[in-house]
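Okay, structure first, notes after.
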Amino acid sequence: MTLDGKIPAGPLTEKWTQYKSSMPIVAPNNKRNIEIIVVGTGLAGAAAAASLGELGYAVKCFTFHDSPRRAHSIAAQGGINAAKNYRNDGDSTWRLFYDTIKGGDYRAREANVYRLAEVSAAIIDQAVAQGVPFAREYGGLLENRSFGGVQVSRTFYARGQTGQQLLIGAYQSLSRQIALGSVEMYNRHEMLDVVLVDGKARGIIARNLVTGKLERFGAHAVVLATGGYGNVFYLSTNAMNCNVTAAWRAVRRGAYMGNPCFTQIHPTCIPQYGEYQSKLTLMSESLRNDGRVWVPKKKEDAQAIREGKKKATDIAEGDRDYFLERRYPAFGNLVPRDVASRAAKVACDEGLGVVPTGLGVFLDFASAIERYGKSKANSIGEHHADKARIVELGEKVVEEKYGNLFEMYEKITGENPYKMPMKIYPAVHYTMGGLWVDYNLQTNVPGLFAAGECNFSDHGANRLGASALMQGLADGYFVLPYTIGTYLANDIRTPKFDTNREEFAATEKEVRERLDSFLGVQGTQSVESFHRRLGKIMWDYCGMSRTAEGLAKARTMIRELREAFYKDVFVPGSASEFNPELEKAHRVADFLEMGELMIVDALERNESCGGHFREEYQTPEGEADRDDDNYAYVAAWEYKGWGEDPTLHKEPLIFNDVHPSKRSYK
Amino acid sequence: MQTMKLKLKIWRQSGPNDKGRLETYPVEANEHMSFLEMLDVLNESLINERKTPVAFEHDCREGICGTCNMVINGQPHGPMGGTTTCQLHMRHFKDGDTIVIEPFRARAFPVIRDLVVDREAFERIIQAGGYVSVNTGQAQDANAIPIEKDVASHAFDAAACIGCGACVAACPNASAMLFVSAKVSHLALLPQGKVEAKKRVQAMVKQMDLEGFGMCSNVTACEAECPKEISVDNIARMNREYLSSVIGSEVQV
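In structure tokens:
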């Protein structure tokens, strides 16, 4: 099978406009008879379900939560990018496109990324019309801030809760369609398989999580907007219930997984404290606008801090290494995430870490507090304010900008970040890889679409800050509602699907057998204990830096762990009741397969790019050494059966409009 | 690191028809754990003893998704102000403490199992009118209507509601006024939401009554227990909105 990205013809800047005007569409009278299943209600899913409902399609929407509003998009803090150029600082669609494709280390499709930049402005318009309370200036117009990897201010935000406010906007639009009857909402339903009829996606099997009953749902097309798979690492910033099951089940039915090894490790998270820890907490990248990252220059100082004998404030200015500012003067603390994370790892590997585990660096706001304090003092006429007054005023400004983040930090760590620098360390945050999709966001399985973090499409090997919200909403509001029509226009004569068909019964039977197999083991080890071990393997060998040797070892370890899982897992209760342990068992079982595929992909990609850093491939200065001659392609993996090696399909990446250059932030 | 031995009294109820009862469990925790991590430890040990773990809801563990909900020693989300259960840490408890953990209780929130309750009533209230009727693609430029910074900020304060239901659990009448008023205020304050404000407040209040939530008697426990510190000023605003929409208005829902 050839992997056709279906990129429309024409110049890059005209592709989307021309394509939209000429693509097949479904007439309103036919839309009513066409059913679409949307799985997931985060930004991509809720936006898609609402928009498709508005268009007149008969939509069925699914979430395993008790409400669509709980999806993990809600936790995004910092902001959303859009090429509005409201700051008059030279931003444009082209610049957003360029920053994004460069930020992704030239491992994304030009046409997709350009379209993303093109529709970005409309997202802000839409959100404001829905009542999303973005930050504003005194003149009443929208405020912006900067994010990593760019030199303009194009990030719109709502305090530190941008994801929450955007999701509530989408959720409210979805709720309106539910009330109007155009979307049927199924809360507390988890999709456990996709049903194929004649090779096309025609429905799903979902488990009603309250009763445990398996239910069948038919449709003309299925959209997966089920998020990323960062929880394969056990510890990540993802919510506890984020999982790969929907996407992985699609892979098991023939969909290809694109670039699974591209994982984003976010530089600013609260460091791990103990073995019991269930998740890691992100501190928004926006903090790097004002926070300076440093470690002590001397190992003795670092050790004294680790042992509690010295505090950060005891280290003199000259004894501090502001390593991002030193290594990357052009971008300083605002280098992209992959670069910042690796630099922190290097510092800690050198023995300069500042938390008891050795894995932590400082994020310090003292300079910002002083700078803002002076400026505020001047603006209110206090030209001779003393140091204490300046700090007082400065802390207020910082509180206004990041108050809720500082509060969250203090709640978790018990330390006051206004007085002592935060301690941070990188943690798994996002997965750029995902289901392979063409320009229409359709997977290689006809009728099966993937949107948002669930697909691989726009971020290449590294995602820039504030671009996840942009992509989720772009896919959901402005791309999928159009592109799905190209498929459905050929389907207007297909009647609604009878879920009593053999294909539905057979798939349901497989799901039932799978659930029974987890319950039937009756072993001695908890699901959680397997997940924790899987996470450790992934983090140690397929995390911030990877080697061929380590990856090969990890593959064997995962296979052994998987075998142990099916021999000795213990899942209490039954399948016919509310059973969170059973839900978890299915998810962890799928993570155990996905983890291996990530390793296979990381092993095959003999280069370093973005979040994928292979120690064998680095420049003398320790930067990623990309190999465009051999690896400028999307790796799309086909599942070949239990225990079999997957097959690699390559989609070459062709750059006509940008020249892949060495990515430098120096 | 401070280790503490605790006695947990947890509400166990196998389903909506079971009567339910408090059961006692010993657990060892340390001060760095979050409250939910302490429950993870308990569940891990129950599983190892082949017993049924305690069902509780949780997801983001960052205090923003609104999934977690439990009444801890009589207070929704526990003793710390402005904090969700998942953001509550064990350093606020002492060695030897007995902690009573119960579900959010309200007629409109039936128990599904143990500490898990059904909050669908909130969904139907939002569906009744908690939105701006704007289709995708209809919007004008985002800066076309300037909004006073303070107004936007007040709208944000109301929009910060996470829909957890603590206000209902805190209220002696199990009233949902704080939740409903937060949405009414968020949208009524903004020019984009004003157009439908009259219809919205009537429709949402009507649905709230249909769901079986109690009346507001100005106890203000809702504000005290709200993890996002949503102000009862929103209730006053909703009452004004409601009265002015019902009296002397053509709009009737």
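Which chain is which? The protein sequence lines are A and B, in order. Here the first sequence is numbered in our numbering, starting from 125 and rising by one per residue. Here the second sequence is numbered in our numbering, starting from 5 and rising by one per residue. Glycine residues also receive a C-beta, built at the ideal position from the N, C-alpha and C atoms.
By Cβ distance below 7 Å, which residues in the same chain neighbour residue i in space, the five residues on each side in sequence not counted?
i                : result
SER185 (chain B) : ASN238, ILE239, ARG241, MET242
ARG269 (chain A) : GLY203, SER277, THR279, TYR281, SER410, ASN413
GLY100 (chain B) : LYS9
GLU632 (chain A) : ILE329, LEU338, ARG340
LYS130 (chain A) : ASP562, TYR563, ASN564
Put residue i into one of helix, strand or coil per three-state DSSP.
i                : result
VAL334 (chain A) : coil
GLU441 (chain A) : helix
HIS508 (chain A) : coil
LYS324 (chain A) : strand
GLN742 (chain A) : strand
TRP418 (chain A) : strand
ILE247 (chain A) : helix
ARG376 (chain A) : helix
ASP145 (chain B) : coil
THR286 (chain A) : helix
LEU26 (chain B)  : strand
ASN108 (chain B) : Strictly speaking, residue 108 (chain B) in this sequence is Phe, with Asn absent from that position. Three-state DSSP puts PHE108 (chain B) in coil, outside helix and strand.
LEU247 (chain B) : helix
PHE737 (chain A) : coil
CYS578 (chain A) : helix
ASP229 (chain A) : coil
GLN595 (chain A) : helix
LEU565 (chain A) : coil
TRP766 (chain A) : coil
TRP15 (chain B)  : strand
PHE188 (chain A) : coil
Apart from the five residues just before and just after residue i, which ones in its own chain have a Cβ nearer than 6 Å to its Cβ?
i                : result
PRO541 (chain A) : PHE530, TYR533
LYS187 (chain B) : GLY134
ARG231 (chain A) : GLY584, ALA585, CYS733
PRO173 (chain A) : Going by the sequence as given, residue 173 (chain A) is Ala instead of Pro. Same-chain partners within the cutoff: VAL162, VAL183, CYS185, LEU298, VAL307.
Measuring alpha carbon to alpha carbon, tell me which residue in the options is nearest residue i.
i                : options                                : result
ASN147 (chain B) : A:GLN250, A:GLN646, A:PHE271, A:GLN275 : A:GLN250
GLY719 (chain A) : A:LEU240, A:LYS660, A:ARG260           : A:LYS660
THR405 (chain A) : A:TYR665, A:MET546, A:ARG683           : A:MET546
ASP227 (chain A) : A:LEU348, A:GLN201, A:GLN275, A:GLY177 : Strictly speaking, residue 227 (chain A) in this sequence is Gly, with Asp absent from that position. Cα-wise, what sits closest to GLY227 (chain A) is A:GLN275.
SER137 (chain B) : B:LYS198, B:ASP118, B:ASP101, B:ASP161 : B:LYS198
ALA287 (chain A) : A:ALA303, A:SER306, A:HIS313, A:PHE258 : Going by the sequence as given, residue 287 (chain A) is Gly instead of Ala. If we check each option's Cα against that of GLY287 (chain A), A:PHE258 comes out closest.
LYS184 (chain A) : A:ALA200, A:TYR210, A:ASN157           : A:ASN157
SER18 (chain B)  : A:TYR353, A:ALA629, A:GLY697, A:GLU739 : A:GLY697
LEU593 (chain A) : A:GLY169, A:GLU159, A:GLY765           : A:GLY169
ASP425 (chain A) : A:ASP438, A:ARG416, A:VAL417           : A:ASP438
ASN579 (chain A) : A:GLY589, A:SER591, A:THR555, A:PHE602 : A:THR555
PRO148 (chain A) : A:PHE654, A:ALA613, A:GLU775, A:PHE694 : A:ALA613
ASP190 (chain A) : B:VAL236, B:ARG123, B:SER253           : B:ARG123
Please go through the same chain and pick out, in chain order, the residues whose beta-carbon is closer than 8 Å to the beta-carbon of residue i, but skip the five residues on each side of it.
i                : result
GLY255 (chain A) : GLY293, GLN296
MET456 (chain A) : According to the sequence shown, residue 456 (chain A) is Gly rather than Met. Same-chain partners within the cutoff: LEU448, GLU449.
SER216 (chain A) : ALA207, ASN209
Who are the neighbours of residue i on chain D, taking C-beta pairs under 7 Å?
i                : result
PRO704 (chain A) : This model lacks chain D altogether, as its protein chains are A and B.
If you measure from the CB of residue i, is any heavy atom of the ligand ZN nearer than 7 Å?
i                : result
ALA235 (chain A) : Ligands in the displayed structure: none, and consequently the ligand ZN is not present.
Practice prompt. Using a Cβ-Cβ cut-off of less than 8 Å, give me the residues of the segment 599-618 of chain A that come near chain B, in sequence order.
Written response: Contacts with chain B (Cβ-Cβ distance below 8 Å) from the segment 599-618 of chain A involve TYR601, PHE602, PRO605, listed in chain order.
Worksheet item: Taking a cut of 8 Å between CB atoms, which residues from the segment 381-398 of chain A lie near chain B?
Response: Within the segment 381-398 of chain A, the residues whose Cβ lies closer than 8 Å to some Cβ of chain B are TYR397, GLY398, listed in chain order.
Discussion item. Count Cβ pairs between the segment 550-563 of chain A and the segment 431-448 of chain A that sit closer than 8 Å; are there 3 or more?
Written reply: Fewer than three beta-carbon pairs drawn from the segment 550-563 of chain A and the segment 431-448 of chain A are found closer than 8 Å, and the two stretches are therefore not classed as touching.
Practice prompt. Using a Cβ-Cβ cut-off of less than 8 Å, give me the residues of the segment 99-132 of chain B that come near chain A, in sequence order.
Written response: ILE116, ARG117, VAL120, ASP122, ARG123, GLU124, PHE126, GLU127, ILE130, GLN131, ALA132: these are the residues of the segment 99-132 of chain B whose beta carbon lies less than 8 Å from some beta carbon of chain A, given in chain order.
Worksheet item: For the segment 28-42 of chain B, which residues have a CB atom closer than 9 Å to at least one CB atom of chain A, in sequence order?
Response: Listed in sequence order: ALA33, ASN34, GLU35, HIS36, MET37, SER38, LEU40, GLU41, MET42.
Practice prompt. For the segment 295-313 of chain A and the segment 123-135 of chain B, state whether three or more C-beta atom pairs, one from each stretch, are separated by less than 8 Å.
Written response: With contact defined as three or more Cβ pairs closer than 8 Å, the segment 295-313 of chain A and the segment 123-135 of chain B are in contact.
Worksheet item: Per the contact definition of three or more C-beta pairs closer than 8 Å, is the segment 669-686 of chain A in contact with the segment 367-377 of chain A?
Response: By the C-beta criterion, the segment 367-377 of chain A is judged not to be in contact with the segment 669-686 of chain A, since fewer than 3 inter-stretch pairs fall below 8 Å.
Item to complete: Report the residues of the segment 193-204 of chain B with a CB closer than 8 Å to any CB of chain A, ordered along the chain.
Response: Shown in chain order are the members of the segment 193-204 of chain B whose Cβ falls below 8 Å from a Cβ of chain A: LEU194, GLN196, GLY197.
Practice prompt. State whether the segment 63-75 of chain B contacts the segment 191-202 of chain A, with contact taken as three or more CB pairs (one from each stretch) at a distance under 8 Å.
Written response: Segments in contact, yes.
Discussion item. At a CB distance below 7 Å, what residues from the segment 253-286 of chain A approach chain B? Give them in sequence order.
Written reply: Within the segment 253-286 of chain A, those residues whose Cβ lies closer than 7 Å to any Cβ of chain B are, in chain order, ALA253, GLN254, GLY255, PRO257, ARG260, GLU261, TYR262, GLY263, GLY264, LEU265, LEU266, ALA282, ARG283, GLN285.
Worksheet item: Is there contact here, the segment 303-320 of chain A with the segment 170-189 of chain A, by at least three beta-carbon pairs under 8 Å?
Response: Taking one beta carbon from each stretch, the segment 303-320 of chain A and the segment 170-189 of chain A have 3 or more pairs nearer than 8 Å; the two touch.
Item to complete: Please name the residues in the segment 145-174 of chain B whose beta-carbon is closer than 7 Å to at least one beta-carbon of chain A, in chain order.
Response: Only ASP145, ALA146, ASN147, PRO150, ILE151, GLU152, LYS153, ALA156, ALA159, PHE160, ALA163, ALA164, GLY167 from the segment 145-174 of chain B bring a Cβ to less than 7 Å from some Cβ of chain A.
Worksheet item: Taking contact to mean at least 3 C-beta pairs separated by less than 8 Å, is the segment 417-434 of chain A in contact with the segment 461-481 of chain A?
Response: Inter-segment contact for the segment 417-434 of chain A and the segment 461-481 of chain A is present: three or more beta-carbon pairs are separated by less than 8 Å.
Worksheet item: Does the segment 515-526 of chain A come close enough to the segment 481-498 of chain A that 3 or more CB-CB pairs lie under 8 Å?
Response: Output reads yes: the segment 515-526 of chain A touches the segment 481-498 of chain A.
Item to complete: Check each residue of the segment 62-78 of chain B: if its Cβ is closer than 9 Å to any Cβ of chain A, include it; give the result in chain order.
Response: Result list: HIS62, ASP63, CYS64, ARG65, GLU66, GLY67, ILE68, CYS69, GLY70, THR71.
Worksheet item: Do the segment 131-139 of chain A and the segment 312-328 of chain A meet, that is, are 3 or more Cβ pairs less than 8 Å apart?
Response: Verdict: no, contact absent.
Worksheet item: Between the segment 685-692 of chain A and the segment 347-358 of chain A, are three or more C-beta pairs nearer than 8 Å?
Response: Contact between the segment 685-692 of chain A and the segment 347-358 of chain A is not established, with fewer than three Cβ pairs separated by less than 8 Å.
Practice prompt. Give the residues from the segment 401-429 of chain A that approach chain B closer than 8 Å (Cβ to any Cβ), ordered along the chain.
Written response: Of all residues in the segment 401-429 of chain A, only GLN401, SER402, LYS403, THR405, LEU406 place a beta-carbon less than 8 Å from a beta-carbon of chain B.
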